[in-house]
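A short worksheet on the structure shown next.
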Amino acid sequence: MGDNQNLLAEQRRALILDEVRRRGGVRVNELTRRLSVSDMTVRRDLDALARQGMIEKVHGGALPVSDPSAHEPGFEVKSGLELSAKAEIAKAAAELAVPGSAIALAGGTTAYALAQRLLEVPELTVVTNSVRVADVFYNAQRAAASGGEGRPAAEAATVVLTGGMRTPSDTLVGPVADAAIRSLHFDLLFLGVHGISVEAGLSTPNLAEAETNRHFVRSARRVVVVADHTKWGTVGLSSFAALDEVDVLVTDAGLSAEARAEFADRSTELVVAGEPTGDADS
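Okay, here's the thing in structure tokens:
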């Protein structure tokens, strides 16, 4: 974080907040050393951040604010988070899609970013429970049919949108969606998640969405999770798959060394967007 004693309070607090979120917590003595400021200054900064609801103060340091396990942000809120990471993840994940294959895209903002990349992959059959994802393909097809800038690959794609009840993240879940997914078989599933951890596996705050995701996982020959580093360590209300059920995790370079180490002895392949594949789990 640097050791500039003349940082403005706002700059210091932004650096502290970034460090808390990136590392999952910091201690006061670490911050005083890295920022070259007094213990009292750091504590005042932590007090200010805590009053704003940005961190949670604990004895000797600070932790990120934890969302309730049943809280589910809407699509518009989530779409504004980690934009550059999602773009990099989408680019890397799209390279796993084979032309002519049957793929599934479960709902979410990372899946939405991925859908735009998949427009470049020809002759896909795409099954999704995301209204937003389906619209990416439908809009591209309409543009191509009207002589606009739609991509030929998008026009060749066959898109199947499941029915079901709509969630705050604009995915369709429930018995109708579950029945449709159970009757199908996918070469590849791209799955965004609310949270991922060693203990809880893949999780979501929405119980119906968890059940629908279970059916997606069971119907896929290969499961690819697309999740930025902020999802690591987050636990939603309901788990729907263990880490060992994931064939590939595509994430970004912000993933901590500790999290990467968890995959060293697992069968799950770790792909870190923007890094050479061979270095992803080093």
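Numbering (the UniProt record's numbering), first residue to last: 1 to 282. Glycine residues also receive a C-beta, built at the ideal position from the N, C-alpha and C atoms. Keep in mind the model is a prediction, meaning the values are calculated, not measured.
Inset, instruction - Grab the span of the alpha helix (DSSP H) containing Ala177 for me, first residue to last. - result: Pro175 to Arg182
Inset, instruction - Could you tell me if Asp170 is buried or exposed, where buried requires 16 or more neighbouring beta carbons within 10 angstroms of its beta carbon? - result: buried
Inset, instruction - Can you tell me the Cβ-Cβ gap for Ala113 and Lys86, rounded? I've got them flagged as a contact below 8 angstroms. - result: 5 angstroms
Legend entry - Minimum Cβ-Cβ distance from Ala210 to chain B less than 7 angstroms: Looking for chain B here will not work: only one protein chain is present.
Inset, instruction - Decide yes or no for the touch test of the region 222-233 against the region 129-145: beta carbon pairs closer than 8 angstroms, at least 3 of them. - result: In short, these stretches do not touch, since the Cβ pair count stays below three.
Legend entry - Own chain partners of Glu199 with C-beta closer than 8 angstroms, once the 5 adjacent residues on each side are dropped: Hits under 8 angstroms: Val235.
Inset, instruction - Would you grab the beta carbon distance between Val173 and Thr212 for me? Rounded to a whole angstrom, and I think it's under 8 angstroms. - result: 4 angstroms
Inset, instruction - May I have a chain-ordered list of the alpha helix (DSSP H) segments no shorter than 4 residues that lie completely inside the region 78-159? - result: 83-94, 109-118, 131-145 and 152-156
Inset, instruction - Pull up the DSSP beta-bridge partners for Ile196, would you. - result: Ile196 is bridged to Leu202 and Trp232.
Legend entry - Identity of the residue in Ser239, Glu275 and Asp247 nearest Leu255 by Cα: Glu275
Inset, instruction - Compute the beta-carbon to beta-carbon distance between Gly24 and Gly233, rounded to the nearest angstrom, for a pair I have assumed lies under 8 angstroms. - result: That belief holds up - the Cβ atoms of Gly24 and Gly233 are roughly 6 angstroms apart, short of 8 angstroms.
Inset, instruction - Give the DSSP-derived three-state secondary structure of Val271 in the structure shown. - result: strand
Legend entry - Backbone secondary structure at Glu56 - three-state DSSP: strand
Inset, instruction - Can you give me the Cβ contacts of Ala259 inside the same chain, cut-off strictly under 7 angstroms, excluding the 5 residues immediately before and after it? - result: Non-local C-beta neighbours of Ala259 in its own chain, meaning closer than 7 angstroms and more than five positions away in sequence, comprise Trp232, ordered along the chain.
Inset, instruction - Under the assumption that Val248 contacts Val272 (Cβ atoms under 8 angstroms), give the Cβ distance between them as a whole number of angstroms. - result: That belief does not hold up - the Cβ atoms of Val248 and Val272 are roughly 11 angstroms apart, past 8 angstroms.
Inset, instruction - Give the straight-line distance between the Cα atoms of Gly107 and Thr128, rounded to the nearest whole angstrom. - result: Each residue's CA atom was taken as its position, placing Gly107 and Thr128 some 7 angstroms apart.
Legend entry - Residue(s) in a DSSP beta bridge with residue 283: Because the chain in this structure spans residues 1 to 282, residue 283 falls outside the shown range and cannot be described.
Legend entry - Delimiting residues of the alpha helix (DSSP H) encompassing Leu8: No alpha helix (DSSP H) contains Leu8, which DSSP labels as neither H nor E.
Legend entry - Those residues which DSSP pairs with Phe240 across a bridge: Answer is none; Phe240 lacks a bridge partner.
Inset, instruction - State yes or no: is the C-beta of Val136 nearer than 6 angstroms to some heavy atom of the ligand FMN? - result: Among the components of this structure there are no ligands whatsoever, and the ligand FMN is therefore not found.
Inset, instruction - Report yes or no: do three or more beta-carbon pairs, one from the region 8-15 and one from the region 37-51, lie closer than 8 angstroms? - result: yes
Inset, instruction - Could you tell me which residues DSSP pairs with Gly61 in its beta bridges? - result: Arg27 and Val58
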